[in-house]
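Numbering-wise, my numbering puts 46 at position 46 of the sequence shown, and it's gapless, one number per residue.
Structure record follows, encoded as structure tokens.
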Amino acid sequence: MTFSVRFSSHEPCNIPESYQSLSPNIVEREILSKSIDADAVVVGAGITGSTLAIHLAESGKSVVQLEAKVPGWGGSGRAFG
């Protein structure tokens with residue numbers, strides 16, 4: 001589904017229902033089936049969870065990030081503005 005949005009003095013533009021749906025490659029990940037040691041665990045791979053995981057990793061922490069579905073699948077993939 002695509003939405004059409006009209007800004008005051010501009011032509012309509014088409015916005016996809018989900019930016020995640022435009023991703024050409026969804027990387028399959030294995031299901032967690034063992035114990036993993038890490039300095040931090042981030043639950044969720046939306047904008048907030050992924051940003052937090054990146055900042056923790058850049059600060060030298062070992063990070064495990066868990067996601068139930070696909071990164072950016074929920075509200076983060078549908079945040080237009």
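Beta carbons: idealized from backbone N, C-alpha and C, even for Gly.
CB contact check: residue i to chain C, cutoff 9 Å
i: G49; result: Among the chains of the structure shown, chain C does not appear; only one protein chain is present.
C-beta contact flag for residue i and residue j at 9 Å
i: D39; j: V63; result: yes
i: E30; j: A45; result: no
Sheet register partners of residue i (DSSP bridge)
i: A40; result: V63
Coil, strand or helix - residue i by DSSP
i: G46; result: coil
i: G75; result: helix
i: K69; result: coil
i: I31; result: coil
Cβ-Cβ separation, residue j to residue i (assumed contact under 8 Å), whole Å
i: G49; j: V43; result: 7 Å
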